[in-house]
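Quick notes on the structure that follows.
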Amino acid sequence: MLNDILEKEFQGVYTLKVIDVLKNPQLAEEDKILATPTLAKVLPPPVRKIIGDLSDREKVLIGLDLLYEELIGND
1014 MLNDILEKEF QGVYTLKVID VLKNPQLAEE DKILATPTLA KVLPPPVRKI
1064 IGDLSDREKV LIGLDLLYEE LIGND
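With positions in the sequence shown counted from 1, the corresponding number in the numbering used here is that position plus 1013.
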């Protein structure tokens, strides 16, 4: 589901880094992942994180501050 959202919105112009917190707890700690699942948008700043259900396209994009222009319209 998340891959479908990202591919539809960004058509391959994104990097998705998956961290298995059980296999790599140090990486999770470095990236300040406190719960799973966590999705973080790092660039462009500011960093935005969503924790929990990542299946709702609109909620994911709003949570990552990527749906702003669609909400206010393109004048």
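Glycine included, each C-beta is placed from N, C-alpha and C at the ideal position.
Taking the continuous beta strand (DSSP E) assigned at residue i, which residues delimit it?
i, result
"Leu1052", "Thr1051 to Lys1054"
"Lys1062", "Arg1061 to Ile1064"
In the DSSP assignment, the alpha helix (DSSP H) including residue i goes from what residue to what residue?
i, result
"Val1034", "From DSSP, Val1034 is part of no alpha helix (DSSP H); its letter is neither H nor E."
"Gln1024", "Segment: none, Gln1024 is in no alpha helix (DSSP H) and carries neither H nor E."
"Ala1041", "Pro1038 to Glu1043"
Using the three-state DSSP reduction, which class does residue i fall into: helix, strand or coil?
i, result
"Asp1017", "helix"
"Leu1079", "coil"
"Leu1047", "coil"
I need the straight-line Cα distance from residue i to residue j, nearest angstrom please.
i, j, result
"Lys1030", "Val1055", "11 Å"
"Thr1049", "Asp1066", "9 Å"
"Gly1025", "Leu1079", "16 Å"
"Lys1072", "Leu1015", "12 Å"
Taking the CB atoms as reference points, tell me whether residue i and residue j lie closer together than 8 Å.
i, j, result
"Lys1062", "Leu1052", "yes"
"Leu1019", "Ile1032", "no"
If you compare alpha carbons, which of the options is closest to residue i?
i, options, result
"Leu1047", "Pro1057, Ile1064, Pro1059 and Pro1058", "Ile1064"
"Pro1059", "Phe1023, Thr1028 and Leu1077", "Leu1077"
"Pro1057", "Val1034, Tyr1027 and Lys1072", "Tyr1027"
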